[in-house]
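A.B. asks: Let me begin by handing over the structure; questions about it come next.
Protein chains: 2
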Amino acid sequence: MMNIQEIDSDKLEMAASMLKAIAHPVRIAILKHLEGGKKLTVTEIHELLGIEQSTTSHHLGILKDKGVLCSRREGKNTYYYLKHDILSQIVDCLQRCTCE
Amino acid sequence: MMNIQEIDSDKLEMAASMLKAIAHPVRIAILKHLEGGKKLTVTEIHELLGIEQSTTSHHLGILKDKGVLCSRREGKNTYYYLKHDILSQIVDCLQRCTCE
DNA sequence: TTAACAGATGCAAATATATGAATATTTAGC
DNA sequence: GCTAAATATTCATATATTTGCATCTGTTAA
């Protein structure tokens, strides 16, 4: 049985873990490249951002695990894309707040 | 002299650090209590959330340091409040995404 | 000035996160 | 089958974050 406080604290944990997934400069950069429904492979992202392949894969795994991204395998490639395009607005909203 | 990439990477760092400030269950709970322009003291928050005074003060310090909150001292009390009320929308947006 | 309250800060221990080298897995083509 | 390409995973190290106790600072009122 789950009481009100547990449910509420679960929701907080879930929101925090999703936000935490996004709250990293590399991962924000990834989101920006995926805005507008774009789909990119691990290699494309790793080359676009100039970071190691394994580091890229780790970051993508975190974003997927926390429900920010989805992925689809097509042959040798795995395409990653935004689960909710709304999420990229969070970053834009933030940048409006940080740039004043 | 600053080149384009440095500026861009600075913006990413700034957005990430603001998001990181928010991305914690206790700090999201604090934001929710401050929605709509409310101002609360450290003691009020510490009692509302049932967490230690010093822990509360640390969390508030992080939120203030990263530009999420402002504070005003009035006598013995320090009132904390949202710098941009827009920021509380981020959490709502997130919760819409996490609850489907 | 002292007492009492409100808040901030220093510190340490526990825990979590980030990164990349090395290795494993998956898939396509031969 | 074998090889190469793309991605994922394991592991270790470095670094950052969280928490709370103890303490310090600032403020009010007697």
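So the sequences go chain by chain: A and B.
Numbering-wise (our numbering), the first sequence opens with residue 7 and increments by one.
Numbering-wise (our numbering), the second sequence opens with residue 7 and increments by one.
All C-beta atoms in this analysis are idealised placements derived from N, C-alpha and C, irrespective of residue type, glycine included.
For clarity, every value in this text was computed on a predicted model and none was experimentally measured.
So, helix, strand or coil for Glu107(A), using DSSP?
C.D. replies: Residue coverage of chain A in this structure runs from 7 to 106, which leaves residue 107(A) outside it and unanswerable.
A.B. asks: Report buried or exposed for Ile92(A), applying the criterion of at least 16 other Cβ atoms within 10 angstroms of its Cβ.
C.D. replies: exposed
A.B. asks: Here's a check: name, in chain order, each residue in its chain whose Cβ is nearer than 7 Å to the Cβ of Val32(B), leaving out the five neighbours to either side.
C.D. replies: So the list reads Leu55, Ile57, His65, once near-sequence residues are dropped.
A.B. asks: Measure from the C-beta of Val97(B) to each C-beta in chain A and report whether the shortest distance is under 8 Å.
C.D. replies: yes
A.B. asks: Let me make sure I understand the geometry here. Which of Ile96(A), Glu19(A), Thr62(A), Ala21(A) has the alpha-carbon closest to that of Tyr86(A)?
C.D. replies: Thr62(A)
A.B. asks: Looking at the secondary structure, which residues open and close the alpha helix (DSSP H) in which Ala29(A) lies?
C.D. replies: Note, Ala29(A): premise wrong, no alpha helix (DSSP H); not H, not E.
A.B. asks: Can Ala27(B) and Lys89(B) be called in contact, C-beta distance under 8 Å?
C.D. replies: Not a contact, by the Cβ cut-off of 8 Å.
A.B. asks: At the 8 Å Cβ level, is Cys103(B) part of the contact set with chain A, yes or no?
C.D. replies: With respect to chain A, the C-beta atom of Cys103(B) has a partner C-beta closer than 8 Å.
A.B. asks: Looking at Gln101(A) and Lys70(B), is the spacing between their C-beta atoms short of 8 Å?
C.D. replies: no
A.B. asks: Using 8 Å as the limit for Cβ to Cβ distance, is Leu54(B) near chain A?
C.D. replies: no
A.B. asks: So is Ser94(A) buried or exposed if we call it buried at 16+ other beta carbons inside 10 Å?
C.D. replies: buried
A.B. asks: When Cβ atoms are compared, which residues of the stretch 56-89 of chain A fall closer than 9 Å to chain B?
C.D. replies: Gly73, Val74, Lys89
A.B. asks: So, does the CB of His39(A) fall closer than 8 Å to a CB anywhere in chain B?
C.D. replies: no
A.B. asks: Skipping 5 residues on each side, what residues in its chain have a beta carbon closer than 6 Å to that of Lys38(A)?
C.D. replies: none
A.B. asks: Could you tell me which of Gly81(B), Lys82(B), Ile34(B) sits nearest to Ser23(A), measuring between CA atoms?
C.D. replies: Ile34(B)
A.B. asks: Taking the alpha-carbon of Gly42(A) as reference, which of Leu75(A), Lys82(A), Asn83(A), Cys103(A) has the nearest alpha-carbon?
C.D. replies: Leu75(A)
A.B. asks: From His52(B) to Gly67(A), what does the alpha carbon distance come to, in whole angstroms?
C.D. replies: Distance from the CA atom of His52(B) to the CA atom of Gly67(A), rounded to whole angstroms, is 36 Å.
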